[in-house]
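Student:
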Amino acid sequence: MRLKQADSRIFRKQSGQAGATLVELALITPVFLMLIIGIIELSMAYFANMTMQHAVREGARYAVTGAKDLDPDSANQQRYHAVMQKIRDSSMGMYDKVSPVISVNGSDAVGAAMFGQAGDIVVISVDCRWAFATPMIRALFRDGQAHFVVAATMRNESFGGL
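Quick note on the working numbering: the sequence shown kicks off at 1 and runs consecutively.
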């Protein structure tokens, strides 16, 4: 008999508390969702940054060899187009999404000798912008975009015969 009384007191609803849980859930859910969406958005921007860093490093590794066989124009292959194609291929689709501005050795002018000769130092720098999808995160950044620069510096190999 005594056991029944204890059970009924434990599981009995207290008066005035019936809708409190629902109200608490309604207050916490938007904050929690905003936090999760913010984490996802910032993670995507970080992923784009790291992916472009990898792509630029791969492009620089290709550039220092002096090769130009990746140029899509097989009739008139140019080293610049081949290096840009290597960066595009290594970017896992992020190249077009970050609006890249590419400079080589501090200049964005395209030319035949822009990557230098054998033994020269090559600095490939890519200025990127990542546009955020949600207005909540967009408000935290100037122009609603994350701005980042990735670069790779390497010395040309002695590719004289290529």
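Cβ coordinates follow ideal geometry from the N, Cα and C atoms, glycine included.
Please return the same chain residues whose Cβ sits closer than 6 Å to the Cβ of V101, not counting the five positions on each side in sequence.
Tutor: Cβ within range, chain order: D127.
Student: Specify, as a first and last residue, the run of the alpha helix (DSSP H) that S248 falls within.
Tutor: The structure shown does not extend to residue 248, since the chain is modelled only from 1 to 162, so the question has no answer here.
Student: Is A139 helix, strand or coil when you go by DSSP?
Tutor: Residue state, collapsed to three classes: coil.
Student: Taking the Cβ atom as the reference point for each residue, do A216 and W130 lie within a distance shorter than 7 Å?
Tutor: Because the chain in this structure spans residues 1 to 162, residue 216 falls outside the shown range and cannot be described.
Student: Which whole-angstrom value describes the C-beta separation of Q85 and D96, a residue pair presumed to lie in contact below a C-beta threshold of 8 Å?
Tutor: Rounded, the Cβ-Cβ distance is 13 Å, inconsistent with contact.
Student: Compute the beta-carbon to beta-carbon distance between M154 and V110, rounded to the nearest angstrom, for a pair I have assumed lies under 8 Å.
Tutor: Contact flag wrong, Cβ pair sits at about 19 Å.
Student: Taking just the CA atoms, how far does L35 sit from A113?
Tutor: A113 and L35: Cα-Cα distance of roughly 49 Å.
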